[in-house]
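The structure under discussion appears below in the form of structure tokens.
Protein chains: 4
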Amino acid sequence: MCGVFGVFNNKSAAELTFLGLHALQHRGQESAGIAVSDGYDINIRLGSGLVTQAIKEEDIKELKGDIAIGHVRYSTSGGSNPKNIQPFFAHFYGGQFAIAHNGNLVNAERLKRELEMEGAIFRSTSDTEVFVHLIAKSRQPAPPHINLHKNDEDFLPHVFEAMKKVKGAYSLVILREKQLIAVRDPHGFRPLVLGKNRSGSYFVASETCALDIVDAEYLRDINPGEVIVIDDAGIRSYYPFEHTENPKKCIFEFVYFARPDSKIFKDWVYSVRKEFGRRLAKEYPIDADCVIPVLDSGLLAALGYSEESGIPFEIGLIRNHYVGRSFIQPSQEIRDLSVRLKLNPVRDVIEGKRIIVIDDSIVRGTTSRKIVNMLRRAGAKEVHMLISSPPVVSPCYYGIDTPTKEELLASSMSIEEIRKFIGADTLGYLSLEGMLEAADKTKGYCTACFTGHYPVLDELFEEIQIP
Amino acid sequence: MCGVFGVFNNKSAAELTFLGLHALQHRGQESAGIAVSDGYDINIRLGSGLVTQAIKEEDIKELKGDIAIGHVRYSTSGGSNPKNIQPFFAHFYGGQFAIAHNGNLVNAERLKRELEMEGAIFRSTSDTEVFVHLIAKSRQPAPPHINLHKNDEDFLPHVFEAMKKVKGAYSLVILREKQLIAVRDPHGFRPLVLGKNRSGSYFVASETCALDIVDAEYLRDINPGEVIVIDDAGIRSYYPFEHTENPKKCIFEFVYFARPDSKIFKDWVYSVRKEFGRRLAKEYPIDADCVIPVLDSGLLAALGYSEESGIPFEIGLIRNHYVGRSFIQPSQEIRDLSVRLKLNPVRDVIEGKRIIVIDDSIVRGTTSRKIVNMLRRAGAKEVHMLISSPPVVSPCYYGIDTPTKEELLASSMSIEEIRKFIGADTLGYLSLEGMLEAADKTKGYCTACFTGHYPVLDELFEEIQIP
Amino acid sequence: MCGVFGVFNNKSAAELTFLGLHALQHRGQESAGIAVSDGYDINIRLGSGLVTQAIKEEDIKELKGDIAIGHVRYSTSGGSNPKNIQPFFAHFYGGQFAIAHNGNLVNAERLKRELEMEGAIFRSTSDTEVFVHLIAKSRQPAPPHINLHKNDEDFLPHVFEAMKKVKGAYSLVILREKQLIAVRDPHGFRPLVLGKNRSGSYFVASETCALDIVDAEYLRDINPGEVIVIDDAGIRSYYPFEHTENPKKCIFEFVYFARPDSKIFKDWVYSVRKEFGRRLAKEYPIDADCVIPVLDSGLLAALGYSEESGIPFEIGLIRNHYVGRSFIQPSQEIRDLSVRLKLNPVRDVIEGKRIIVIDDSIVRGTTSRKIVNMLRRAGAKEVHMLISSPPVVSPCYYGIDTPTKEELLASSMSIEEIRKFIGADTLGYLSLEGMLEAADKTKGYCTACFTGHYPVLDELFEEIQIP
Amino acid sequence: MCGVFGVFNNKSAAELTFLGLHALQHRGQESAGIAVSDGYDINIRLGSGLVTQAIKEEDIKELKGDIAIGHVRYSTSGGSNPKNIQPFFAHFYGGQFAIAHNGNLVNAERLKRELEMEGAIFRSTSDTEVFVHLIAKSRQPAPPHINLHKNDEDFLPHVFEAMKKVKGAYSLVILREKQLIAVRDPHGFRPLVLGKNRSGSYFVASETCALDIVDAEYLRDINPGEVIVIDDAGIRSYYPFEHTENPKKCIFEFVYFARPDSKIFKDWVYSVRKEFGRRLAKEYPIDADCVIPVLDSGLLAALGYSEESGIPFEIGLIRNHYVGRSFIQPSQEIRDLSVRLKLNPVRDVIEGKRIIVIDDSIVRGTTSRKIVNMLRRAGAKEVHMLISSPPVVSPCYYGIDTPTKEELLASSMSIEEIRKFIGADTLGYLSLEGMLEAADKTKGYCTACFTGHYPVLDELFEEIQIP
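Residue numbers (full-length UniProt numbering), protein chains in the order written: chain S, 1 to 467; chain F, 1 to 467; chain E, 1 to 467; chain L, 1 to 467.
What follows is the structure, given as structure tokens:
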């Protein structure tokens with residue numbers, strides 16, 4: 001998971017990118033970076049942590065120019081390795097560019113080996129650098145069905161050739177001296193939207209919430225397989241693939257990642273997430289006194305469950321807004337401290353009650369176990385835990401940082417075993433069918449993490465590197 | 001507003017105080033401090049900002065001892081003046097002590113002048129230092145109705161005399177070399193609770209949420225006019241005043257300040273706050289499509305309104321959890337940026353709808369105005385704003401940092417004028433009677449900010465200093 | 001050891017105080033503070049560490065006003081206790097003032113007990129607060145031989161009474177709303193100088209190097225027992241003591257503390273320090289190849305020795321200017337790392353040579369031992385260590401942070417034993433007589449640390465607290 | 001200017017590299033980095049500022065492994081661009097490596113264009129990345145005269161081919177998974193030394209002072225054109241060039257850059273620098289009262305001048321050791337503040353005297369002018385400025401960040417004009433012949449900055465990029 005943002009034609013390009021990344025902060029908190037072009041040179045600033053920690057006021061002042069891209073990076077493995085902070089800058093014979101990537105390539109290792117055999121050097125351990133090399137290496141002309149604008153003749157054929165070589169998930173923003181380019185993979189795994197403000201600046205972002213913060217209007221999604229170029233000559237759209245792929249949009253964006261005020265894949269996250277809760281109410285009618293969310297992940301499903309079932313919705317667990325990075329190590333006598341720093345039960349709501357508690361997913365199960373325990377210690381008579389998605393049984397190879405198969409509770413335990421592990425009276429997961437119906441299954445979703453059936457990967461099976 | 005915390009008999013006293021202050025962070029973000037006694041000496045660390053900024057890991061390591069007190073301070077006027085960061089340390093002929101104070105004295109200036117005439121020096125501009133001097137100066141024996149434990153003979157008479165001299169609001173924790181003392185003023189303006197954990201450590205805190213984070217059980221409130229002493233000889237209670245005062249508990253604690261998972265004044269904030277919403281629904285029945293809260297201040301009142309009225313509850317404004325201190329100045333083309341960094345409308349919920357939006361209070365009106373405008377731009381057909389308390393017409397002299405009378409919108413505008421100013425279709429405030437009934441009016445509340453009738457102050461009127 | 005600075009009548013008062021403290025940084029690195037008056041109110045900023053760490057740019061901006069004082073504090077015991085950072089602020093019935101102090105009172109504990117019996121509270125553990133209380137308590141009129149200017153009638157009698165009650169070393173700057181006051185104790189233990197710049201601003205500082213940095217001219221010393229008041233009515237001098245005391249100027253200021261470019265006690269430190277070296281050459285004629293200083297403490301004495309003896313002066317140990325606070329713990333295989341981070345031998349100068357190495361003093365002996373060892377490992381044939389002052393046998397009670405008697409090497413070891421301990425071929429200390437002659441003994445010096453004979457203290461012996 | 005450091009076979013490899021960089025801090029203060037191999041993977045940490053700012057304690061803890069390299073970077077143009085912080089990491093088909101470089105390539109732009117035409121991408125604007133690409137691209141076998149150890153067969157031929165393609169100055173350390181490699185260009189422009197400690201760890205460093213700090217012995221210089229490989233099989237030396245080049249050692253290392261306690265180019269900097277002073281005394285016999293250095297750059301030349309001439313050496317300008325980064329802007333009334341924060345005249349030494357002041361070079365002339373002015377205002381009767389090197393008339397293309405030709409005072413002014421500009425009574429520069437004789441001219445030096453005659457460059461003239 002990562003977030004990308006781009007702006008074209010705005011004197012405050014770096015500042016607006018800073019704001020856009022701020023709105024996308026939920027998609028990655030490990031590091032952040034901004035690259036800006038003043039029409040001649042690309043300047044870049046990178047840092048660790050939240051956007052406000054990574055990019056300082058003086059950085060913004062030094063990043064002069066009208067076109068910018070930015071990136072927030074999710075913590076994967078190995079801590080904050082400075083080699084991997086994006087955007088990546090590159091200078092090749094066609095000039096300078098910078099690139100920021102949300103997604104994951106499934107044939108990256110194979111391509112990397114091939115590129116290295118031809119003399120390429122890699123300065124990061126990130127998939128994204130494969131893209132950079134493929135662009136720089138490319139010598140193929142554009143596909144015959146494409147009519148290129150003259151501004152696009154030098155660089156776009158490189159992008160097209162790179163897109164044909166890589167397999168997997170990629171929503172990209174590319175910054176050139178005088179252009180902003182947005183690219184989405186042919187399956188459309190990750191979201192990418194286009195916006196415009198009243199003064200004529202264009203914006204590209206992972207989610208619409210980043211358009212809102214810069215006061216821009218949503219125009220449309222970048223389509224699967226589409227490349228959009230924005231420069232002084234206007235905005236142009238290309239489809240380098242002649243055949244359409246089946247869309248494989250990541251349904252986990254609706255389950256967890258995207259912000260509820262965003263529209264992605266042409267649907268509002270808010271409505272889909274509430275509908276998950278309604279479906280859950282139909283699949284698991286339970287006689288209880290109230291339904292409470294695990295904040296904020298279970299909020300809308302709990303609201304939907306309450307509306308469908310008529311069981312009152314309450315805020316039974318309060319979230320502490322000042323969490324921050326605390327250095328305090330949990331001393332032995334304070335059980336469950338790490339959860340307690342974030343959530344505290346409202347005894348008034350819980351004591352003596354039969355509680356339905358709703359979360360969006362269970363990964364390792366330890367947090368759920370602490371929450372059930374916390375509710376029982378606050379006096380709950382019954383604790384029924386419902387999950388607004390099916391059990392996660394397989395890791396994601398398309399850009400989400402899931403644990404390995406071994407760490408995924410549901411890959412080795414039955415639902416009944418998980419229920420016992422977390423200590424709940426009931427444990428229910430939304431069915432795959434229920435989830436897909438809620439999200440309108442006709443639209444084409446990737447459900448690999450729930451089913452183990454991997455689009456793209458099944459064809460390329462031999463070259464997968466299992467993380 | 002401030003928060004206080006104390007712990008007795010725990011090897012991790014400084015660490016637990018850090019956690020307790022963390023849970024009380026909503027009561028003050030300007031500065032924080034911790035004082036610890038190792039039985040012989042009192043050591044202290046103070047700093048600006050949030051608890052995690054003010055107190056560092058190495059501070060905690062250096063603060064060795066089994067008894068501790070802590071304080072979080074609310075931003076009043078004049079920025080972060082280092083003179084005023086609490087706890088205050090004092091050495092007098094009776095030994096060392098440290099003190100932390102939530103509240104405000106109404107006769108502080110007069111006492112200060114008297115003390116200065118006798119040679120006292122003040123090293124802060126805080127009321128609390130008056131208390132410190134009164135304790136040190138005191139020569140009176142304890143009142144005749146009090147039987148002092150021998151451990152209390154040297155110091156408590158000083159505290160009693162000080163309590164009789166000051167007028168106003170004070171919930172105090174005092175740290176001595178071998179004692180923890182908790183004090184609450186006879187009107188009980190501010191909350192103060194007592195707790196205990198399984199291993200026998202005692203805790204004192206402004207709210208019960210700070211007991212929860214250290215895994216302690218709530219025992220009871222410190223009563224108005226009560227002094228509690230905890231040392232190796234046990235826990236003792238004294239009531240230095242022979243006559244009981246009418247309780248004047250701050251109802252604004254229920255309206256806004258206290259955390260919803262806290263029990264204060266023997267009631268759960270959660271229930272009282274929801275009841276404000278129910279009363280609002282009875283007083284203002286409105287034909288609308290949904291009711292939404294201004295997060296987090298209007299959350300529970302909106303839930304209560306929805307339950308009473310049957311109008312669906314929705315999260316129409318999303319709160320950004322990563323706000324932090326942003327240096328970005330709102331550029332001209334981004335209107336309402338300061339609000340937008342915190343809240344974003346969910347267009348899916350708002351567009352084409354008749355919205356009831358609920359907040360807890362309106363102070364200067366500028367935020368409410370931005371919210372109404374933001375909802376209209378997101379497509380709301382009607383915007384009805386309801387407030388879960390009466391109009392604030394007068395400043396508080398008991399410890400809440402309200403604007404001056406001139407800045408309070410409701411002190412100079414009619415409700416209809418405010419409605420026009422903020423641009424809502426309807427504006428309704430909960431009636432005083434409705435608010436008091438929701439909180440159980442038999443219990444005795446201070447409502448000065450809504451009525452201008454000041455307890456204590458009316459007797460002392462000539463010596464008030466209007467801030 | 002500490003440094004004080006004051007400025008009157010300058011729009012950049014806080015900024016110039018910052019610079020002055022910067023020049024006095026060698027007198028104290030533990031903490032720093034600045035207090036400024038705008039004519040009505042005194043504002044203050046305090047912090048830990050070097051001046052540039054303790055006082056930030058935004059602090060300077062907020063410290064508006066034309067009169068200021070500042071203080072740098074030396075690390076004594078107990079680390080950076082925030083209670084003790086100066087200047088101290090006080091509000092008493094006569095108004096506000098702030099005070100900064102270089103020195104140490106010998107009857108502080110007795111006065112503190114008396115003040116506490118009368119109800120005073122102490123918020124620090126510093127002697128300086130005794131002064132603050134004595135000023136606030138004072139009720140005596142000025143001595144009859146004093147004719148007070150009308151501006152001085154309200155406050156100066158307090159200062160005079162305080163001066164008569166305290167015994168010991170004090171060079172003070174006091175800031176009032178509209179006045180700057182400078183005070184020096186009747187023995188004149190610590191230096192204090194007066195300066196003026198071309199635009200008519202007055203300055204007071206511990207040493208003349210702080211006048212240089214603000215481009216002010218040295219006018220004269222504040223005399224022992226003198227009080228100087230500067231305000232809009234001009235500059236006035238008072239001598240509250242009728243009888244003159246023998247001057248007891250701290251000779252260690254010449255040995256070590258003061259900066260060589262300063263003039264203190266009306267003499268240039270540079271010349272006196274070089275003369276120590278010349279005397280050393282007369283007392284210890286040694287046949288050697290070169291004379292090298294331990295930088296920077298032995299620099300001028302080594303130059304003087306070289307000039308007198310004709311033995312070449314060389315820089316045999318290079319000082320690393322980037323030391324800073326390093327977190328690296330010396331691993332076992334790197335011997336003498338803590339010294340090596342600061343000093344490195346120049347093998348070219350040392351190898352095969354007979355070396356005279358000169359330092360200003362030996363306290364615990366561990367550093368000298370490491371230096372001798374380092375020189376031998378770099379190939380020195382002989383290492384003769386000479387010290388430009390007599391053995392330190394007794395602690396200082398007048399403001400210098402010396403070790404306790406037990407820790408002072410020379411209090412329990414003979415010179416021959418010390419020589420063996422540090423491993424030198426020769427060890428020689430400058431004689432007391434030689435040192436006094438170099439500094440012009442007719443001027444009156446305190447030599448307690450070399451002799452154990454304490455001025456003032458011998459009369460007050462019963463009330464000394466041995467640290 | 002930069003500094004490089006490497007260590008092989010030490011459990012504290014990262015810590016020792018940190019120390020080594022600390023000792024080399026004078027060679028670059030803009031940024032620092034450390035790369036460590038644990039035998040399988042290379043881990044890296046980079047940062048801006050001094051070593052202690054760039055690399056944090058937790059970085060050192062995370063950098064586990066027995067082999068490490070490090071780099072300190074000098075501020076060139078464009079501020080602290082994160083793209084250019086070294087060491088650079090690279091992954092190519094032969095595995096991982098990291099590289100750190102001191103020097104400057106003169107044909108970098110041409111090679112860069114060629115590499116880009118073959119598809120290479122550049123992620124920095126640094127010459128060093130050219131080396132990285134040449135290594136990765138290389139397909140040539142080792143030269144026939146070389147017998148490679150089997151451990152060196154895969155990688156070293158790449159290094160040899162790269163060395164043959166680049167022209168210019170390079171002292172390199174390369175880190176592979178299991179090897180440390182040191183490389184020096186055939187002209188030997190920049191120093192590079194080899195050391196070993198008692199426990200058998202090997203070290204490579206720009207100067208011997210970095211060996212001292214880690215308690216290692218100097219073994220010998222890496223020779224011009226030599227490649228040294230250190231791994232578990234031992235230490236091996238290769239000379240890939242069949243023909244020897246004339247050595248062109250940078251004489252400015254002796255004039256200014258290297259630390260005086262270092263041995264470089266097989267000579268002690270200390271002695272050479274003092275000899276510059278002696279030669280200066282012969283070339284410019286002046287009748288004066290004392291000779292003083294501009295600290296620290298003129299220290300040893302002033303000592304040498306004093307010894308040769310018999311004129312007393314004094315410390316007439318005191319250096320402030322606490323300079324740090326001060327935010328204070330010089331207010332108008334404080335003239336020459338930027339110099340005054342660093343240097344202060346000792347009036348005692350200066351007043352009424354005829355002064356010879358010695359510095360190592362004059363670049364823009366503004367600092368010299370301020371110093372002359374400062375000395376005159378402190379009362380100097382005459383000020384004679386002598387410079388221990390010839391006038392700098394041409395920029396350096398081999399790794400020193402000199403101003404452009406236009407900014408170099410001596411490129412456009414005669415010595416008499418410069419004398420008038422700085423306001424001295426005399427201005428004398430050491431002659432080229434004098435300088436070369438002092439450094440032993442038979443050894444072969446690059447004197448391009450003094451003469452405009454560029455080794456290597458004259459052959460490659462058409463492809464120079466003038467900075």
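Using N, Cα and C, we set each Cβ at its ideal position, and we do this for glycine too.
Taking CB distances under 8 Å as the criterion, tell me whether residue i reaches chain S.
i: residue 209(F); result: yes
Is it true that the CB of residue j sits closer than 8 Å to the CB of residue i?
i: residue 127(E); j: residue 270(L); result: no
i: residue 443(S); j: residue 248(S); result: no
i: residue 204(S); j: residue 169(S); result: no
i: residue 13(F); j: residue 68(F); result: yes
i: residue 81(F); j: residue 399(F); result: no
Does chain E have any CB closer than 8 Å to the CB of residue i?
i: residue 328(L); result: Low confidence applies to residue 328(L): its pLDDT is 48, below 50, so where it sits in the model is not reliable, and the reading given next is rough at best. So yes, residue 328(L) belongs to the interface.
Please determine, among the options, the residue with the shortest C-alpha to C-alpha distance to residue i.
i: residue 394(S); options: 448(S), 172(S), 238(S); result: 448(S)
i: residue 119(E); options: 285(F), 94(F), 419(F); result: 94(F)
i: residue 299(F); options: 356(F), 267(F), 397(F); result: 356(F)
Below 8 Å on C-beta distance, what does residue i contact in chain F?
i: residue 313(S); result: 303, 313
i: residue 88(E); result: 123
Check the Cβ of residue i against every Cβ in chain E and list those closer than 8 Å, keeping chain order.
i: residue 270(L); result: 315, 346, 348, 349
Quick one: is residue i near chain L, going by C-beta distance under 8 Å?
i: residue 310(E); result: no
i: residue 212(E); result: yes
i: residue 455(S); result: no
i: residue 70(S); result: no
In the DSSP assignment, what residue or residues form a beta bridge with residue i?
i: residue 322(S); result: Residue 322(S) is not bridged to any residue.
What does residue i reach in chain L if we use C-beta pairs closer than 8 Å?
i: residue 260(E); result: 315, 318, 346
Is there a Cβ from chain F that is less than 8 Å from the Cβ of residue i?
i: residue 93(E); result: yes
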